[in-house]
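A.B. asks: The structure follows.
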Amino acid sequence: MFWSDQLIVSTSRRAFSHKMLQLTKRLQEGISLINATDINKVKGLLGRVCASLCAGHSQVFSEEEEEKLSASLGLPVEKTRQLIYTNIYIMQQAAHGMVRPTFLGEQLQACELTPDRANVFVEHWTTHAKQIVETLRQQSLSEKQLADISWELHLKTASSGCARQTHPIAHLQLNLSNSKEPSSTKVGPTESVVMQFNQDQLYQLYDQIEQIQANLDALR
Amino acid sequence: MFRSSHPFLPFWISFLGIIKTNRVENRYRKWEETQIGFLYCVFRWKMAAVIGNPGSSQPILFPTRVPPEVQALMKAANKMDKPLFRKMIKLALGYLQGTLTPEECEASMQQLCESISPSVTEETVMTVSIQHAGVITLLRTALRINTVTTRQDMLIVDLKNLGLPEEFASDVCKVVYGPARPDIDSQLIAASPSLPHLSNLEWRVEVTISTSWLSRVLEPVVMMRMNTSDGALHTFQVPLSKFHQLRFTVANLLRQMEALKESPLSKK
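Line order of the protein sequences matches chains A and B. So the number in this note's numbering is just where the residue sits in the first sequence, counting from 1, plus 37. So the number in this note's numbering is just where the residue sits in the second sequence, counting from 1, plus 1351.
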């Protein structure tokens, strides 16, 4: 179960009066904005925020969408942005601590969010928590990551040196993605490394990979 | 019943069908056999020129034309002595296999020129270079022929027709059919055009404990550093799912290579 191994952690943390949300002035303004917004609109907004967090983007709405949203909410663009940001911040803090939904509800109510809106947050957290945490787990600071692998198997039959031969050759292409900002929608340029292996070289690679796997198994 | 697809039989034979009697079948079968026999003879006659049966005019090594450097070599070979020819063969082999560096090649050429005449003039260098080129072309073509279908004595006959003396021809044949052939083959295969291969792989397994986005991660990740033969260095991270995909790909490729070796495609 998703929550079971976190239970002990969060109770011990609660014993130390762990506050999920740091009540800054900015956060308080954001919460009062949420309280002022219609609850259905809050639901829609939060749904969209959760979807983009699951996908790993930090930019939820584009410029035009933000303008449309502020028009429909009747707020200036700055306030809309603050509203969106507050939603993202709450969800991110929930993910950081991997909190239980009831704990989240309590914390939100302690921050003077109205109970029904707090419930909206709790519902969305219950549905999307797993996905959001998985996405955040995969994010890393390193520049190049192995994105994709493709391969080809060739049989060399003739060359300028040898008229007839049968020599199997494997081509392996590793696509490395250069991700500059892990949470942006844009992916950097992909570098591709192509290599060829004959049977002996492939066996050597296989041995090394098996060593890595043995080490990974020893971790568990 | 469907034999009217044969070009020499009349088309209406297909309408005979079940009505065809044994007598009619026999007559047309003999006609068919003579047709096939005739075609076979034509086929054999044309193939004989290509396969090179003894007594045919088609040479094995240079069927279209003899390159000028080989012609020059043949002219000079009559006056050459055996050790010199042997040295030239060795040098050419080293060049073809890629085992000799350019400096070593040059030094050996220098030695050859000096052994011919103590005073090295431009003319001697020119002649030696042309002969060297001739030996290389000759060896390269000789190493390409199929040692299974072409017999050794046929190659010797062909070399003699080109103008090479008897002993030199046997020397060349020793190179082509001799015991060093598998080594030569593997060197030639290695020297053919290829993509860069992996020269060194270093790796590291890391466990991320905590990040700014998530306070408890505990996710293992593999860092790899690959050195390829063209000198490029690639350092990258491999997430766990991609690592499993890589492992599966490599195992799959190995299995397919084994299957390919067993299959009849690999058995010449």
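Think of the CB as a built atom: it goes at the ideal place given N, C-alpha and C, for glycine as much as any other residue.
On the three-pair Cβ rule with 8 Å, is the region 1572-1580 of chain B touching the region 1550-1558 of chain B?
C.D. replies: Short answer: they touch.
A.B. asks: For the region 1531-1562 of chain B, which residues have a beta carbon sitting closer than 8 Å to at least one beta carbon of chain A?
C.D. replies: Those would be Asp1536, Leu1539, Ile1540, Ala1542, Ser1543, Pro1544, Ser1545, Leu1546, Pro1547, His1548, Leu1549, Leu1552, Trp1554, Val1556, Val1558, Thr1559 and Thr1562, in chain order.
A.B. asks: Let me see if you follow: with CB-CB separation under 8 Å, is Gly134(A) close to chain B or not?
C.D. replies: Within the first sequence, the letter at position 97 stands for residue 134(A). Yes - at least one Cβ of chain B is within 8 Å of the one on Gly134(A).
A.B. asks: Answer yes or no: do Leu110(A) and His161(A) have a C-beta to C-beta separation smaller than 8 Å?
C.D. replies: Residue 110(A) sits at position 73 when you count from the first residue of the first sequence. Residue 161(A) sits at position 124 when you count from the first residue of the first sequence. Taking 8 Å as the Cβ cut-off, Leu110(A) and His161(A) do not qualify as a contacting pair.
A.B. asks: Quick one: is Phe1519(B) buried, meaning 16 or more other Cβ sit within 10 Å of its Cβ, or exposed?
C.D. replies: For the purposes of this step, residue 1519(B) is taken as residue 168 along the second sequence, with counting starting at 1. Classification of Phe1519(B): buried, given that the 10 Å Cβ count is 16 or more.
A.B. asks: Going along chain A, which residues have a C-beta under 9 Å from Ala1493(B)?
C.D. replies: Numbered from its first residue, the second sequence carries residue 1493(B) at position 142. Simply none; closest approach about 11 Å.
A.B. asks: For Cys87(A), tell me which candidate among Leu70(A), Asp75(A) and Ala131(A) has the shortest Cα-Cα distance.
C.D. replies: Numbered from its first residue, the first sequence carries residue 87(A) at position 50. Cys87(A) has its Cα closest to that of Ala131(A), out of Leu70(A), Asp75(A) and Ala131(A).
A.B. asks: If you draw a straight line from the C-alpha of Cys91(A) to the C-alpha of Ser1537(B), how long is it?
C.D. replies: For the purposes of this step, residue 91(A) is identified with residue 54 of the first sequence, where counting begins at 1. For the purposes of this step, residue 1537(B) is identified with residue 186 of the second sequence, where counting begins at 1. When rounded, the distance between both Cα atoms is 53 Å.
A.B. asks: Give the secondary structure of His191(A) by DSSP, where H, G and I count as helix, E and B as strand, and everything else as coil.
C.D. replies: Along the first sequence, read from residue 1 onward, the residue named residue 191(A) stands at position 154. Strand, per DSSP.
A.B. asks: Since His1585(B) meets chain A, which of its residues come closer than 9 Å, beta carbon to beta carbon?
C.D. replies: As a first step, residue 1585(B) must be located in the second sequence, where it is residue number 234. The contacting residues are Lys181, Leu211, Leu213, Glu228 and Val230.
A.B. asks: Quick check on the burial criterion: 16 or more other C-beta atoms within 10 angstroms. Buried or exposed for Ser49(A)?
C.D. replies: Position 12 of the first sequence, counted from the first residue, corresponds to residue 49(A). Below a pLDDT of 50, predicted positions are generally treated as unreliable, and Ser49(A), at 42, falls in that range; no measurement from the model is reported.
A.B. asks: With which residues is Pro205(A) paired in a DSSP beta bridge?
C.D. replies: Here residue 205(A) corresponds to residue number 168 of the first sequence, with the count starting at 1. DSSP lists Leu192(A) as partners of Pro205(A).
A.B. asks: Identify whether Ile1560(B) lies in helix, strand or coil by the three-state DSSP scheme.
C.D. replies: For the purposes of this step, residue 1560(B) is identified with residue 209 of the second sequence, where counting begins at 1. The answer is coil: DSSP assigns Ile1560(B) none of H, G, I, E or B.
A.B. asks: Would Gly198(A) count as contacting chain B if we go by Cβ distances under 8 Å?
C.D. replies: As a position in the first sequence, residue 198(A) is number 161, starting the count at 1. For Gly198(A), the answer is yes, since a Cβ of chain B falls inside 8 Å of its Cβ.
A.B. asks: Along the chain, where does the beta strand (DSSP E) containing Phe1587(B) start, and where does it finish?
C.D. replies: In the second sequence, the residue the question calls residue 1587(B) occupies position 236. It spans Leu1584 to Val1589 - the beta strand (DSSP E) in which Phe1587(B) sits, taken as one unbroken run.
A.B. asks: For the 8 Å Cβ check, are there 3 or more pairs between the region 172-182 of chain A and the region 1556-1567 of chain B?
C.D. replies: Judged by Cβ distances under 8 Å, the region 172-182 of chain A makes contact with the region 1556-1567 of chain B, as three or more pairs qualify.
A.B. asks: The region 1456-1486 of chain B: which residues have C-beta closer than 9 Å to a C-beta of chain A, in chain order?
C.D. replies: Residues: none.
A.B. asks: So with CB distances below 7 Å, who are the chain A contacts of Lys1441(B)?
C.D. replies: The sequence position of residue 1441(B) within the second sequence is 90, counting from 1. Ordered by position in chain A, no residue passes the 7 Å Cβ test against Lys1441(B), which lies about 18 Å from the chain.
A.B. asks: Leaving out five residues before and five after Leu1506(B) in sequence, what residues of the same chain have Cβ atoms less than 6 Å from its Cβ?
C.D. replies: On the second sequence, position 155 is the one that residue 1506(B) refers to. Closer than 6 Å at the Cβ level, and outside the excluded window around Leu1506(B), lie Cys1524.
A.B. asks: Tell me, please, which residues DSSP counts as bridged to Val1573(B).
C.D. replies: Walking along the second sequence from the start, residue 1573(B) turns up at place 222. Answer by DSSP bridge pairing, in chain order: Val1556(B) and Val1589(B).
A.B. asks: Below 7 Å between beta carbons is the criterion; list the residues of the region 161-190 of chain A that meet it against any residue of chain B, in chain order.
C.D. replies: Per Cβ criterion, the list reads Val170, Leu173, Arg174, Gln175, Gln176, Ser177, Ser179, Lys181, Gln182, Leu183, Ile186, Trp188 and Leu190.
A.B. asks: Please state whether the Cβ-Cβ distance between Val1572(B) and Pro1590(B) is less than 8 Å.
C.D. replies: On the second sequence, position 221 is the one that residue 1572(B) refers to. On the second sequence, position 239 is the one that residue 1590(B) refers to. Cβ atoms of Val1572(B) and Pro1590(B): closer than 8 Å.
A.B. asks: Check whether the region 1488-1497 of chain B and the region 1435-1455 of chain B are in contact - that is, three or more C-beta pairs closer than 8 Å.
C.D. replies: Flag = yes, the region 1488-1497 of chain B and the region 1435-1455 of chain B touch.
A.B. asks: Within a Cβ cutoff of 7 Å, which residues of the same chain sit near Ala184(A), ignoring the five residues on either side of it in sequence?
C.D. replies: Taking the first residue of the first sequence as 1, we reach residue 184(A) at position 147. Excluding positions up to five away in sequence, the list reads Asn212, Leu213, Ser214 and Thr227.
A.B. asks: If distances are taken between C-alpha atoms only, which option among Asp244(A), Ser99(A) and Lys80(A) comes closest to Ile159(A)?
C.D. replies: Translated into positions along the first sequence, residue 159(A) becomes position 122. According to the sequence provided, residue 159(A) is Val. The question's Ile does not apply to it. When only C-alpha atoms are compared, the closest one is Lys80(A).
A.B. asks: Kindly indicate the opening and closing residues of the alpha helix (DSSP H) around Gln238(A).
C.D. replies: Locating residue 238(A) in the first sequence gives position 201, where the first residue counts as 1. Note, Gln238(A): alpha helix (DSSP H), Gln236 to Leu256.
A.B. asks: Which partner residues does Ile186(A) have in the DSSP bridge list?
C.D. replies: Sequence index remark: in the first sequence, residue 186(A) carries index 149 (1-based). DSSP, once it has assigned bridges, lists Leu211(A) as partnering Ile186(A).
A.B. asks: Keeping to the same chain, check which residues put their C-beta closer than 6 Å to that of Arg1350(B); ignore five residues upstream and five downstream.
C.D. replies: Residue 1350(B) falls outside the range modelled here, since chain B spans only 1352 to 1619, and no answer is possible.
A.B. asks: Run through chain A and tell me which residues come within less than 8 Å of Gln1588(B), C-beta to C-beta.
C.D. replies: Counting from one through the second sequence, the residue named residue 1588(B) turns up at place 237. Near Gln1588(B) (Cβ distances below 8 Å), the residues of chain A are Ser177, Ser179, Lys181, Gln182 and Leu183.
A.B. asks: Would you say Gln88(A) lies against chain B (beta-carbon separation less than 8 Å)?
C.D. replies: Taking the first residue of the first sequence as 1, we reach residue 88(A) at position 51. Contrary to the premise, residue 88(A) reads as Ala rather than Gln in this sequence. Not closer than 8 Å to any Cβ of chain B, the Cβ of Ala88(A) fails to qualify, so no.
A.B. asks: If I follow the unbroken alpha helix (DSSP H) through His161(A), where does it start and stop?
C.D. replies: To locate residue 161(A), count along the first sequence from 1; it is residue 124. Looking at the DSSP string, the run of the alpha helix (DSSP H) that includes His161(A) is Pro152 to Gln175.
A.B. asks: Determine the chain A residues that contact Thr1579(B) at a beta-carbon separation under 8 Å, and present them in chain order.
C.D. replies: Position 228 of the second sequence, counted from the first residue, corresponds to residue 1579(B). Near Thr1579(B) (Cβ distances below 8 Å), the residues of chain A are Val230 and Met232.
A.B. asks: Sort out for me which residues DSSP pairs Val231(A) with in a bridge.
C.D. replies: In the first sequence, the residue the question calls residue 231(A) occupies position 194. The partner list for Val231(A) (beta bridge, DSSP) reads Gln210(A).
A.B. asks: So within the region 1449-1505 of chain B, which uninterrupted alpha helix (DSSP H) runs reach at least 4 residues, ignoring any that extend past its ends?
C.D. replies: 1453-1467 and 1473-1495, all fully within the region 1449-1505 of chain B.
A.B. asks: Which residues in chain B have a C-beta closer than 8 Å to the C-beta of Ala251(A)? List them in chain order.
C.D. replies: For the purposes of this step, residue 251(A) is taken as residue 214 along the first sequence, with counting starting at 1. Chain B residues near Ala251(A): none, gap ~10 Å exceeds 8 Å.
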